[in-house]
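Novice: My questions will all concern the structure given below.
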DNA sequence: CTTCTAACA
DNA sequence: TGTTAGAA
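Numbering (the UniProt record's numbering), first residue to last: 1 to 242.
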């Protein structure tokens, strides 16, 4: 059984025109052709498309999905959990250098968005108990996250890209700014971090830059109004809800 | 209905 | 990056 591009597009919920663009630009999905040159998509192609969609949902740019599909990376369900446990153990034992090394290595091995959502955020959750000892461990972990993120951001600046600023807006946990920055590394953005939690923001002083606002809590009417106001001033502004 | 390329937002 | 226009 095979499908024309139109049928296939409806089946997997991707525009036919987008499918062609993916094939042309990124070599994703190369269906057989009929004698007339029309694409014939197979059942396997459907599985491929689902995998691609998975990665895109996880925040990986379509342009970077290709190598991820080839990888036999059949990750066990508890793969992330064991990585978390290993990191946690090194943290508790005070093996800071070894912890730092493992985080850097993981960053090379996995897509950054996955590292953030599957490993670093859950790990921070595990050391969040309101106990002095735990608080100290979390400070150590946050320090490593911040320096690793800085390292990745520096790397991005060697390549061309749009300049962006990321900061918190109605946010209580400053480390989230760094995690969201880390998640966006390697995607052709040159990001600078405003690490504080300013009570008021004035993005209009750098209207040429793309602003990324990490926000927790509800997007109240007042906040939406503020966002509209900024955008009406021509400021490119993304709100990142947690 | 499909193909492609070029250009736009 | 996804979408559109236009020609075949």
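The C-beta atom is built at its ideal place from N, Cα and C for all residues, glycine as well.
#1: What are the partner residues of residue 191, as DSSP defines its beta bridges?
#2: Here's a check: name, in chain order, each residue in its chain whose Cβ is nearer than 7 Å to the Cβ of residue 121, leaving out the five neighbours to either side.
#3: Considering only C-alpha positions, which residue in the set 130, 141 and 133 is nearest to residue 97?
#4: How would you write the range of the beta strand (DSSP E) that residue 241 sits in, first residue to last?
#5: Report all residues from its chain with a CB closer than 8 Å to the CB of residue 161; omit the five preceding and five following residues, and keep chain order.
#6: Provide the residue span of the beta strand (DSSP E) that contains residue 213, from first to last.
#7: Can you look up residue 233 in the DSSP assignment and give me helix, strand or coil?
#8: According to DSSP, what are the bridge partners of residue 32?
#9: Indicate the three-state DSSP secondary structure (helix, strand or coil) for residue 148 in the structure shown.
#10: Measure the CB-CB distance between residue 235 and residue 214 and report whether it falls below 8 Å.
#11: How would you call residue 25, buried or exposed, if buried means at least 16 neighbouring beta carbons within 10 angstroms?
#12: State the Cα-Cα distance for the pair residue 43 and residue 1, rounded to the nearest angstrom.
#13: Are residue 206 and residue 171 touching if we call contact CB-CB under 8 Å?
#14: Measuring only the C-alpha atoms, how far is residue 50 from residue 29?
#15: Could you spell out the range, first to last residue, of the alpha helix (DSSP H) harbouring residue 10?
Specialist: Put simply:
#1: 164
#2: 179
#3: 141
#4: 237 to 241
#5: 188, 189 and 190
#6: 210 to 215
#7: coil
#8: 40
#9: helix
#10: no
#11: exposed
#12: 7 Å
#13: no
#14: 11 Å
#15: 5 to 12
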